[in-house]
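My numbering puts the first residue of the sequence shown at 65, with every later residue one more than the last.
Written out below as structure tokens is the structure these notes cover.
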Amino acid sequence: MTHRANAGKHARRDLRAVILCRGGLLILLGTVLMSSAAAAADKPHILFLLSDDHSYPFVGCYGDRNVRTPTLDRLAAEGMKFHRFFTGAPQCVPSRATLMTGRSPVAARMTRFSAPLPRDEVTFPELLRDQAGYATGVCGRTYHLDGTTRQGAAIARVYQQHRLQTFAERVDYLRTGRDTEVAGQVAEFLDQKSAEKPFFLWANFSDPHHAWNAPAEFRPDPASLQLPAHWPDLPGMREQLADYCAEVNRLDRTIGTVLDVLAQRDFLDKTLIVFAGDNGAALPHGKGSLYDPGSNVPLIVRWPGVVQAGGESRALLSGEDLGPTLLAAAGLEPPPRMSGVSFLPLLKGEPYTPRKHIFVERGSHGSAAPVNVNIRSSSYDLGRAVRSDRYKFIYNGTPWIPYSPVDSAGGAAWTQIQAAAAEGKLAPGLQATYFTTPRPVYELYDLDNDPSELNNLSGRPELAAVEQELRETLAEKMILDWDYLPLPAFAEDAVKVKGKPKGRKQPKR
């Protein structure tokens with residue numbers, strides 16, 4: 065055989081080797097792509113619907129007859145509703161920080177209303193995008209985590225100079241707008257995202273946030289409303305509650321338009337849908353307070369094929385738990401910094417160990433400074449609370465500040481409540497709750513017997529062990545979160561007899 069023939073033979077052999085090699089690479093690449101596609105198919109699309117100032121139980125599926133919410137009721141009937149979901153704070157900025165980071169507002173350094181979320185606080189949508197290949201977005205009402213825009217040009221320059229507004233980098237799609245624009249923004253996001261990627265979208269709504277301006281068609285008859293014990297039955301209270309319920313009813317219709325978009329694009333039954341409120345209603349005892357109506361909000365989860373239809377739970381859940389749960393649903397482990405606990409097993413009907421306690425933080429509201437002792441607590445107040453199944457312990461860090469409801473202090477409800485108090489016409493529990501000055505530093509409530517939290521039991525000897533346990537639990541949380549408030553005193557330090565600690569011998573002088 066000639067040298068040329070040998071060269072040709074070797075060339076053909078090398079070519080076959082290359083073809084085989086390339087074929088192997090193509091097969092390997094195809095296998096990888098198929099595996100990636102299968103992995104993506106296993107990850108649910110996620111839609112997080114967040115209303116604003118929405119207290120439990122103002123959704124029809126919870127048995128509340130003041131509102132009409134067929135859309136949300138249908139989500140609950142096809143999914144699972146939760147009765148005891150508590151946001152990390154009774155205010156929008158810190159509560160949203162908790163929802164996004166899986167950490168308390170204190171730990172995330174988000175107790176000041178004007179603060180942008182620090183860049184080193186990682187949100188769960190970022191982890192979904194970076195570790196699970198999700199297309200991510202935020203739309204609707206402002207998400208509140210890039211700092212306030214109401215403090216003028218000087219503050220805006222600080223944000224810009226130090227690149228503190230980071231959400232455009234944290235998600236792929238970022239829009240804000242009116243509630244009427246949310247459905248269109250959801251459609252735009254779905255149309256723009258890659259078809260191969262699962263998606264996470266956080267859609268925010270203004271309703272039922274104050275100011276209340278829903279049309280008359282949504283408004284119930286004030287005379288038909290049922291009032292809880294923490295609201296006196298006054299005409300102004302009924303009128304404002306009717307205004308609030310109208311906003312909830314309008315919200316329900318708006319959410320229906322968003323679900324229509326998912327259905328039109330064949331995503332509705334392929335999507336894990338979460339609906340929740342960001343904090344409680346802007347009415348007395350609600351938004352801004354550490355009582356349950358300030359942070360106990362609706363939570364509904366619909367996930368076809370995973371969450372059994374018609375389920376419900378009274379397990380204690382925290383806003384810290386949402387991020388870890390949605391990460392787990394996408395197959396990701398939450399990072400160690402997240403203090404929240406996944407309730408994915410609860411959604412799947414698997415064995416689940418519920419929380420023993422949830423924690424709520426109250427900080428300043430808006431950007432008002434505490435320039436005098438008469439400033440309303442709706443502007444500046446510092447407090448912490450811990451809640452178990454039965455008991456609530458509240459620690460008021462600024463008890464000298466009188467109570468006033470957030471956003472509705474000038475409305476007919478609070479105006480008439482104040483007038484009734486001045487005339488001595490309020491029931492004792494209401495008088496004590498709203499008009500004790502200074503407020504007690506410590507409050508303790510038996511929620512089984514006093515669900516409206518009107519009878520403060522702090523200091524009662526028969527509940528000393530309960531109160532001590534809650535104080536210690538709250539102190540542990542404050543320590544682990546690097547809280548800046550002084551720790552609550554423990555019972556043996558708080559009880560004094562003639563200036564001397566009870567039960568302790570004084571050192572000899």
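All C-beta atoms in this analysis are idealised placements derived from N, C-alpha and C, irrespective of residue type, glycine included.
Shorter than 7 Å, the distance from the beta carbon of residue 117 to the closest heavy atom of the ligand PLP, or not?
Ligands are entirely absent from the displayed structure, and the ligand PLP is therefore not among its contents.
Give a yes or no on contact between the region 381–393 and the region 479–491, applying the rule of three or more CB pairs nearer than 8 Å.
no
Residue 554: buried (16+ other C-beta within 10 angstroms of its C-beta) or exposed?
exposed
What does a CB cutoff of less than 7 Å around residue 187 pick up in its chain, not counting 5 residues either side in sequence?
164, 165, 234
Please classify residue 456 as buried or exposed, where buried requires at least 16 neighbouring CB atoms within 10 angstroms.
buried
Which class does residue 535 belong to by DSSP, given the choice of helix, strand or coil?
helix
Under 8 Å between C-beta atoms of residue 463 and residue 400:
no
Residue 274 burial status per 10 Å Cβ neighbour count (16 or more: buried):
Taking all protein chains in view, the Cβ of residue 274 is crowded by 16 or more other Cβ atoms within 10 Å, so the residue is classified as buried.
By the DSSP assignment, the alpha helix (DSSP H) with residue 165 in it spans what residues?
156–165
Report the partner residues of residue 337 according to the DSSP bridge assignment.
111, 366
Going by the CB atoms, is the gap between residue 180 and residue 228 shorter than 8 Å?
yes
What separation, rounded to the nearest whole angstrom, lies between the Cα atoms of residue 146 and residue 417?
15 Å
Tell me whether the beta-carbon of residue 212 lies closer than 8 Å to the beta-carbon of residue 431.
yes
Hey, how far is the Cα of residue 525 from the Cα of residue 531?
10 Å
Alpha carbon of residue 335 to alpha carbon of residue 108, nearest angstrom:
6 Å
Alpha carbon to alpha carbon, how far is residue 122 from residue 312?
7 Å
Exposed unless 16 or more other CB atoms sit within 10 angstroms - verdict on residue 208
buried
Select from 149, 118, 141 the residue whose C-alpha is nearest the C-alpha of residue 384.
149
Whether or not the region 342–360 and the region 322–331 are in contact is what I'm after, with contact meaning three or more pairs of Cβ atoms, one per stretch, closer than 8 Å; do they touch?
no
Residue 277 (DSSP reduced to helix, strand or coil)
coil
Which residues DSSP lists as bridging residue 150, in chain order:
Answer by DSSP bridge pairing, in chain order: 360, 382.
Apart from the five residues on each side of it in sequence, which residues of its chain come closer than 6 Å, Cβ to Cβ, to residue 15?
The chain is shown only over 65 to 573; residue 15 falls outside these bounds and no answer can be derived.
Close-in-space but distant-in-sequence residues of the same chain around residue 337 (CB under 6 Å, 5 per side omitted):
111, 366
How about residue 582 and residue 527: are their beta carbons less than 8 Å apart?
Residue 582 lies beyond the stretch modelled for the chain, which goes from 65 to 573, so this question has no answer here.
Going by DSSP, which residues form a beta bridge with residue 507?
458
Can you give me the Cβ contacts of residue 357 inside the same chain, cut-off strictly under 6 Å, excluding the 5 residues immediately before and after it?
Leaving aside the five residues that flank residue 357 on each side, the residues in its chain whose CB is nearer than 6 Å to its CB run, in chain order, 119, 344, 349, 350.
Helix, strand or coil: how does DSSP classify residue 250 here?
DSSP, read as helix, strand or coil, puts residue 250 in helix.
Bridge partners for residue 447 per DSSP, in chain order?
426, 460
Nearest-angstrom Cα separation, counted from residue 363 out to residue 286:
26 Å
Per-residue burial, residue 257 [other beta carbons within 10 Å of its own, 16 or more giving buried]:
buried
Would you mind stating whether residue 292 and residue 115 have Cβ atoms separated by less than 8 Å?
No. Outside cutoff.
Looking at the structure shown, is residue 209 part of a helix, part of a strand, or coil, going by DSSP?
Of the three classes helix, strand and coil, the one that applies to residue 209 here is coil, per DSSP.
With DSSP run on the structure shown, which of helix, strand or coil describes residue 260?
Residue state, collapsed to three classes: coil.
Per DSSP, the bridge partner or partners of residue 199
Residue pairing by DSSP places residue 199 opposite 263 in a beta bridge.
So, with DSSP's three-state summary, where would you put residue 145?
Of the three classes helix, strand and coil, the one that applies to residue 145 here is strand, per DSSP.
Report yes if the C-beta distance between residue 199 and residue 236 is below 8 Å; otherwise report no.
yes
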